[in-house]
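To convert, take the position in the sequence shown, counting from 1, and add 27; that gives the working numbering. We treat Cβ as the ideally placed atom computed from N, Cα and C, and that holds for glycine. Predicted, not measured: the structure shown is a model, and the values here were computed from it. This report refers to the structure that appears directly beneath it.
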Amino acid sequence: MIFFLEWKHYKMLCHSIYAAIYAIFLMVSSISFSSCNRDIDLKIAECYHANDTIIHLYDLYPEEWDSVYFFGNCSLAEISSRLGISVYNLGLDFGERIFLLNKYKEIVYYKEWLPNYGQAVKGALFCFNNDSSMIAIPRKKTKFLIRKRDAKSFWVFYQDESNEQIHGSISNK
């Protein structure tokens, strides 16, 4: 049996179908984007499946960036000097910081961990096999091993190509 629709009925049917598809698209995208979190501590916790889980920062942060920088208890003047950009608007002169920078020296992601004297440590504790307070790692070498420390924190160990920890640091510019 073949049905012939008048043009106005056909047009209304098409608009209804487009509206339904658009509504489904909005629901799916809002659910997807609401579960996206930029906080590195939460991303690492989400990736953790068992001890010795391997992650790559470029998988956690797929946007365009070239290098990750870690600073431990460096002044904002030292950080600005090493990065070649001003970071004086970031607040306090102490604490640990992570920066993801693109090739234009723009900050793609930034997080700081301030000392919490007398309180339990929460989140990611990045570990490197040297005593440098400044570390730079190119995007393609951002491989880390995660181990659960306790219910609220993780050890995050840097792994180089040979699965050894980093031996270099940021050079003076």
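Check                                                                          : Outcome
Pairwise C-alpha distance: Y96 and L128                                        : 8 Å
Helix, strand or coil at C154 according to DSSP, with G and I counted as helix : strand
I164 versus D93: straight-line alpha-carbon distance, rounded                  : 9 Å
Separation of A147 from D79, as counted between CA atoms                       : 23 Å
Inter-residue spacing [alpha-carbon to alpha-carbon] between L69 and K175      : 13 Å
Helix, strand or coil at K168 according to DSSP, with G and I counted as helix : helix
Residue range of the beta strand (DSSP E) that includes R65                    : Taken as a continuous stretch (DSSP letters only), R65 belongs to no beta strand (DSSP E), as it is neither H nor E.
Coarse secondary structure for E105, derived from DSSP in three states         : helix
Cα-Cα separation between A151 and S43, rounded to whole angstroms              : 48 Å
Below-7 Å beta-carbon distance, V95 vs any chain D residue                     : Among the protein chains of the structure shown there is no chain D, as only one such chain exists.
Burial state of L141 (16 or more Cβ within 10 Å)                               : exposed
Closest residue to K170 among S107, G99 and Y88 (Cα-Cα distance)               : Y88
For Y115 and F155, believed in contact at Cβ under 8 Å, the rounded distance   : At roughly 26 Å, the Cβ-Cβ gap does not stay under 8 Å, so F155 and Y115 are not in contact.
Opposing strand residues paired with G99 [DSSP bridges]                        : E123
Whole-angstrom distance between D66 and F181, CA atom to CA atom               : 14 Å
Alpha-carbon spacing of G118 relative to L110, whole angstroms                 : 16 Å
DSSP state of K70 mapped onto helix, strand, coil                              : helix
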